[in-house]
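Numbering (the numbering used here), first residue to last: 12 to 165.
Shown next, in structure tokens, is the structure this report addresses.
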Amino acid sequence: MLHIRRYSTADHDDIWRLHLLVIAAAGVEPTHLHYHDIFHIDEQYLSGGGEFLVGTNRQGTVVAMGGLKKLDFETAEIKRLRVHPDYQRRGYGQLLLSRLEGTAAELGFRRLYLDALTNQHGAKRLFLNNGYAHQGASVIDGFWVNVYEKSLRG
């Protein structure tokens, strides 16, 4: 069972540890400057018109996370969608993605973007199964990523 709630500053160390674990498993140097936003959740997500959620297990341990970052009036990006390797393949990524999409719709966004490293095949399946269109591969901050887009309304 996953309990999803809004990030609080008390979660910072937990989400950083989760990020390090997940991104290292994907074969990326986890301290790369590309991830600076994790140190500024309030500014980058919450006060900027977006959202950042954490998922906890029964013991209250953070095992999943994901953010919604406003890009412009009608566009947002889903970022830092992470699930602890020991908790993957349980639907937790789907739960967080669905919650973030619902929040995006409530906030009036019409389009969502996201990206994932090209070797993250589980993420690719998740996004395609949820109606995201693959826009191709691109290099972002030195990483090869697949880029996806989804329209939320008509």
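Beta carbons: idealized from backbone N, C-alpha and C, even for Gly.
(message) Under 8 angstroms, with one C-beta from each stretch per pair, do the segment 110 to 118 and the segment 149 to 157 reach the 3-pair mark?
(response) no
(request) Check whether the Cβ atoms of G142 and N157 sit closer than 9 angstroms, and answer yes or no. (result) no
(message) Judging by CA-CA distance, which residue of G102, V65, A127 is the nearest neighbour of D22?
(response) V65
(request) On a CA-only basis, which of K81, W155, H95 is nearest L123? Give me that one, please. (result) K81
(request) Report buried or exposed for L125, applying the criterion of at least 16 other Cβ atoms within 10 angstroms of its Cβ. (result) buried
(request) Report the partner residues of A21 according to the DSSP bridge assignment. (result) The partner list for A21 (beta bridge, DSSP) is empty, contrary to what the question assumes.
(request) Look up T129 in the DSSP assignment and say whether it is helix, strand or coil. (result) DSSP places T129 in coil when its eight states are reduced to three.
(message) Starting from E62, trace the beta strand (DSSP E) in both directions and tell me its first and last residue.
(response) 62 to 67
(message) Alpha carbons only, please: which of N68, G119, A134 is nearest the one belonging to T86?
(response) G119
(request) Out of W27, R69, R100, state which residue places its alpha-carbon closest to the alpha-carbon of G77. (result) W27
(message) For N130 and A37, what's the separation of their Cα atoms in angstroms?
(response) 7 angstroms
(message) Using CA atoms only, rank isn't needed, just tell me which of R136, S109, K135, W155 is closest to L163.
(response) Ranked by Cα distance from L163, the first of R136, S109, K135, W155 is S109.
(message) Which of the three DSSP states is assigned to R136 in this structure?
(response) helix
(message) By the three-class DSSP mapping on this structure, what secondary structure does F154 have?
(response) strand
(message) Please report the distance separating the alpha-carbon of K90 from that of E160.
(response) 13 angstroms
(request) Within the same chain, show all residues whose beta-carbon is closer than 6 angstroms to that of E62, passing over the 5 residues directly before and after it, in chain order. (result) L79, T114
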